[in-house]
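All residue numbers for the sequence shown refer to the working numbering, where the first residue is 106 and numbers rise by one. Below is one structure, written out as structure tokens; the observations come after it.
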Amino acid sequence: MPATDDLHDTERTTEELAEAMFSGNVIEVFFDALIIFRVSLSGVDVFVRHTLTPEQIADLSAGVAHGEVRLTTPLAARPGEPLVVDPGEAALLSRALEARSSLLSR
């Protein structure tokens with residue numbers, strides 16, 4: 106059985122995330138209760154727990170392709186309320202995308 110440690114993914118460096126991905130692991134990032142990102146060497150999956158408009162999907166997809174997360178139009182379920190994003194999770198997503206990019210460019 107592989108050794109485990111007590112580090113949460115948000116505490117891992119870009120290099121540690123790259124090692125985890127290289128080993129076949131998936132890095133999960135949670136934005137509020139709405140969006141889950143699963144970053145692995147094979148791809149970036151985005152799971153949205155709410156129906157988005159075609160414009161919101163295009164906006165989100167374009168942003169992720171450039172390493173950013175953006176939803177410019179308000180969500181129908183919570184108009185006027187901001188999406189609560191933990192700063193640690195936002196930084197984790199940036200590092201995970203950077204780690205994946207560095208692995209793919211080798």
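Don't be surprised by glycine CBs; every beta carbon is placed ideally from N, CA and C.
D150 sits in a strand when the DSSP states are folded into three classes. In this structure, the straight-line span from the alpha carbon of A167 to that of L208 is close to 21 Å. The Cβ atoms of L122 and A204 lie closer than 8 Å to each other. For a cut-off of 8 Å, the C-beta gap from V190 to F136 is around 5 Å, short enough to register as a contact. Taking the CA atoms as reference points, S145 sits about 6 Å from M126. Shown here, V189 sits in coil according to DSSP, grouped into three states, outside any helix or strand. Here DSSP, grouped into helix, strand and coil, assigns S199 to helix.
The C-alpha of F142 is placed about 10 Å away from the C-alpha of V131. When secondary structure is reduced to three states using DSSP, S166 falls in the helix class.
Excluding the 5 residues flanking it on each side, I140 has same chain C-beta neighbours closer than 6 Å at V153, in chain order.
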